[in-house]
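The structure under discussion appears below in the form of structure tokens.
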Amino acid sequence: MLGYTQVNDSVSYFPINTNAAPLALPEHLDSVVVFSPKTLTSRQLVSETLLKANPAMNLSELLQKQSGIFIRSGGAGSLSTLSYKGLGSMHTPIVLNGANIQSSMNGSFDLSLLGAAHFSKLTIDTETEPIVGMVNAGAAIVLESPSATSNLSATIGGSTLGEKNTYINYAKRIKRLNYAISAVSAISPNLIGLGRYGFLDSLQTNTDFERWSVIQTIRYDINSKLVWKNTVYLQAANRGIPPALGQVGEAKQTDKNAMAVNTLQWKIGARWVLNLDNQLWQEDIGFEDVPRGIATNSSVFNTNTTLNGTGYFKKGYSLSLAIANNHANYTSEALKENATWNRWLPQMNVSKIFKYGKLAYHQTAIYFDNRWVTNASLNLHRALTKEYSVIASVRKVFRLPVLNELFWYQPGTARGRADLQPEQGYRADVTLKYEIEKFKLSINPHIATYTNWIQWSGFPEIRPENLAHVNVLGAVWDASYTATFSKMKLVAQANVHGVSATYRYVREDSRNGKQLIFTPSITQNSTLTIITEHFSLYINQQYVGYNFTASDNREYLSPYLLLEAGGFYTVKKWRIGAVAANLANTTYYTQPRTPIPGRVIKINLNYTIPLKS
């Protein structure tokens, strides 16, 4: 079961309990995942329905259906990246059990590679928290595993695109040990018909893919003061890179990831907690241009370590001091010579919990290019009345150039540049929430300005450059309503993202005041779900407005509206699920000349055995 929360969907204020187990201390405020069906939030109920109807969906599909975030995709099984609050995937960390899994090579994470069924919770967190790995400038997509209940579960499925997929999950609690492992695999010829695009009786070429991923999590309470947590993430994929519509070509991409994250948490005395986090991560990306016989393999080994000490004091005060080290070794045929970085980041967090909320200050610093760059934030949670609350934050942020931006070396095609400056900016968010028993509404206006924005440009050789300014102004509206009729629940939820993200130049430039490419001004999403003891049904609607593909906004992709319907039925230990994606068979693009599949039917069968804890 996956529970979804947007911007800390429910805010709870906890008194400090110095006698609690280490992981129960209030290090940050977050929504609590509750797994009783009677007490699930509306978003958790919808997430559960979506995943049980289609356990094989990847993260890009879930985010798109649940949050309305724009996903740029090359089609089923192809590279998928996001745009949120005017920022792209390079500014949006993907945090897996406390570790950032953005690529230090290209700065992005391909959302199509990872199955959503791995996770018990997904949160869009606008606040800056100390995490292992790269520091970034935008809100984080926070993923947490394992499953909350002891069970053994297996699912097989397929689709009209020829896909075959399998999902297996095992979770067990034995006294002080919590163990879970899940595996997702999918293979497909990905038979995307081009009839809707004017190519009768033909299929898009070079679209096949295969991918698998495994996530293992362990938590062992050594004693009342010492806890060890471990996450192992393994992933591999091999897929064709579809040529643009009307072109012929054959290129392949392989992706391999092997990561281990270990956390040791030690409660010292009555008020102090010491955390040691270590991330070891090997990432490999390979490209093969079959017709030209050119292959490029790039590999990076990351060692990221954070030592953090937190003290909890009287009257709700806490102080956290940390030092992080990020180390990367980069090898590739596309480098003049191998590259290495070694970055030290001191961090500090001060917070005060009071009767109706929390105030927190966080700061991270790094010495880069012979000067200090800082990231600082001030966050306020405040309950105004029983129904109203507010979350406000102001922050100074930075993003350091990634390895490809600094060191890529293919003269005549593309080259990085070592003189790039860090992107820096200022952001402000205010979220006003209204919540009663059946209805929730949140409004989140936000504003930001960034300098030294990095963008690749040029022809025929492209190189990254620091642009002058990018300004962002927008708002996110989110609402949900839950009604109960006898043994049935009706859940309706909707969200709207509106954003103006524009280039700003002091000189005359055709890009001045224009919307950033692949950043639609409007995206919208809504879901209506019926939930009973044995079955659930849903219908989902997504809208994406004009999507500019040229910096001067002369070229764009037209708006589109998508419909999806699905559901599942459970009897004893068996569950059957089905989904009709792109129900209206809509023709649309998220990037130029790259067709997206039309109507696709997906069916799956699950068998679950409950286990005693």
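Letter 570 of the sequence shown, counting from 1, is numbered 611 in this note's numbering, and no numbers are missing. Ideal Cβ placement from N, Cα and C applies to all residues, glycine included.
- Query: Comparing alpha-carbon positions, which option in T190, W253, S243 lies nearest A157?
  - Reply: As a position in the sequence shown, residue 157 is number 116, starting the count at 1. Ranking the options by Cα distance to A157, first place goes to W253.
- Item | Proximal residues to R260 (C-beta, below 6 Å), its chain only, five neighbours per side dropped | Position 219 of the sequence shown, counted from the first residue, corresponds to residue 260. Contacts found: N219, K270.
- Message: According to DSSP, is E378 part of a helix, a strand, or is it coil?
- Response: The residue labelled residue 378 in the question sits at position 337 within the sequence shown. Reduced to three states, the DSSP call for E378 is coil.
- Query: Among A94, L123, S119, which one has its Cα closest to the Cα of S108?
  - Reply: Locating residue 108 in the sequence shown gives position 67, where the first residue counts as 1. Cα-wise, what sits closest to S108 is L123.
- Around the C-beta of D460, are 16 or more other C-beta atoms found within 10 angstroms, so that it is buried, or is it exposed? For the purposes of this step, residue 460 is identified with residue 419 of the sequence shown, where counting begins at 1. D460 should be labelled exposed.
- Residue environment, F448, which counts as buried when at least 16 other CB atoms sit within 10 Å: The residue labelled residue 448 in the question sits at position 407 within the sequence shown. With 16 or more other Cβ atoms within 10 Å, it is buried.
- Task: Name, in chain order, the residues that DSSP records as bridge partners for N536.
- Result: By 1-based counting over the sequence shown, the position of residue 536 is 495. D519, N566.
- Message: Tell me the DSSP secondary structure of V87 in three-state form.
- Response: As a position in the sequence shown, residue 87 is number 46, starting the count at 1. Helix, per DSSP.
- From K555 to Y522, what does the alpha carbon distance come to, in whole angstroms? The residue labelled residue 555 in the question sits at position 514 within the sequence shown. The residue labelled residue 522 in the question sits at position 481 within the sequence shown. The alpha-carbon atoms of K555 and Y522 are separated by roughly 37 Å.
- Message: For D71 and V532, I'd like the C-alpha separation in whole angstroms.
- Response: Working through the sequence shown from its first residue, we reach residue 71 at position 30. Working through the sequence shown from its first residue, we reach residue 532 at position 491. Only weak support exists for where D71 lies, its pLDDT of 25 falling under 50; the coordinates are left without a value.
- Item | Alpha carbon of M529 to alpha carbon of V435, nearest angstrom | For the purposes of this step, residue 529 is identified with residue 488 of the sequence shown, where counting begins at 1. For the purposes of this step, residue 435 is identified with residue 394 of the sequence shown, where counting begins at 1. The alpha-carbon atoms of M529 and V435 are separated by roughly 42 Å.
- To which residues does DSSP link A455 through a beta bridge? Here residue 455 refers to the residue found at position 414 when the sequence shown is read from its first residue. Partner(s): Q451, I503.
- Bridge partner(s) assigned by DSSP for F439: Within the sequence shown, numbered from 1, the residue matching residue 439 stands at position 398. Beta-bridge pairing links F439 to Q465.
- Where the beta strand (DSSP E) through K213 begins and ends: Numbered from 1 along the sequence shown, position 172 holds the residue referred to as residue 213. 205-215 is the extent of the beta strand (DSSP E) around K213.
- Pick from A140, F160, W307 that is closest to H96, judged by C-alpha positions: Counted from its first residue, the sequence shown places residue 96 at position 55. The sequence given here places Pro at residue 96; His does not occur at that position. Per the Cα distances, F160.
- Item | Rounded C-alpha distance that separates G515 from G127 | Counted from its first residue, the sequence shown places residue 515 at position 474. Counted from its first residue, the sequence shown places residue 127 at position 86. Each residue's Cα considered, the two are about 8 Å apart.
- Item | Close beta carbons around E251, own chain, < 6 Å, minus the five adjacent residues each side | One-based indexing of the sequence shown puts residue 251 at position 210. Hits under 6 Å: I228, N279.
- Check whether the stretch 296-310 touches the stretch 330-337, taking contact to mean three or more Cβ pairs, one atom from each stretch, closer than 8 Å. no
- Message: Taking a contact to mean a Cβ-Cβ separation below 7 Å, would you say L604 touches L624 in this structure?
- Response: Sequence index remark: in the sequence shown, residue 604 carries index 563 (1-based). Sequence index remark: in the sequence shown, residue 624 carries index 583 (1-based). Contact flag set, yes.
- Message: Could you check whether the Cβ of N192 sits closer than 7 Å to any Cβ belonging to chain B?
- Response: Within the model displayed, chain B is absent; a lone protein chain is all it includes.
- Query: Hey, A363 and Q388 are a contact pair by Cβ (cut 8 Å); roughly how many whole angstroms apart?
  - Reply: Within the sequence shown, the letter at position 322 stands for residue 363. Within the sequence shown, the letter at position 347 stands for residue 388. That pair is a contact at about 4 Å.
- Message: Restricting to Cα atoms, I'd like to know which of V612, R214, L482, K399 is closest to S83.
- Response: Residue 83 sits at position 42 when you count from the first residue of the sequence shown. For the residues V612, R214, L482, K399, the minimum Cα distance to S83 belongs to L482.
- Roughly how far, in whole angstroms, is the beta-carbon of G198 from the beta-carbon of N645, given that I think they are within contact range, below 8 Å? Residue 198 sits at position 157 when you count from the first residue of the sequence shown. Residue 645 sits at position 604 when you count from the first residue of the sequence shown. The Cβ separation is near 3 Å, so the contact holds.
- Message: Am I right that L184 and L152 are in contact with their C-beta atoms under 8 Å? What's the rounded C-beta distance?
- Response: On the sequence shown, position 143 is the one that residue 184 refers to. On the sequence shown, position 111 is the one that residue 152 refers to. At roughly 11 Å, the Cβ-Cβ gap does not stay under 8 Å, so L184 and L152 are not in contact.
- Going straight from the alpha carbon of A221 to that of K162, what length do you get? Residue numbering aside, residue 221 sits at position 180 when the sequence shown is read from its first letter. Residue numbering aside, residue 162 sits at position 121 when the sequence shown is read from its first letter. For A221 and K162, the distance between alpha carbons rounds to 14 Å.
- Alpha carbon to alpha carbon, how far is K474 from G453? As a working mapping, residue 474 is identified with position 433 in the sequence shown. As a working mapping, residue 453 is identified with position 412 in the sequence shown. Between K474 and G453, the C-alpha separation is close to 53 Å.
- Message: Less than 7 Å between the C-beta atoms of N366 and N316, yes or no?
- Response: Mapped onto the sequence shown, residue 366 falls at position 325. Mapped onto the sequence shown, residue 316 falls at position 275. It is not a contact, given that the beta carbons lie outside the stated cut-off.
- Mapping DSSP to helix, strand and coil, what is A158? Along the sequence shown, one-based indexing puts residue 158 at 117. DSSP places A158 in helix when its eight states are reduced to three.
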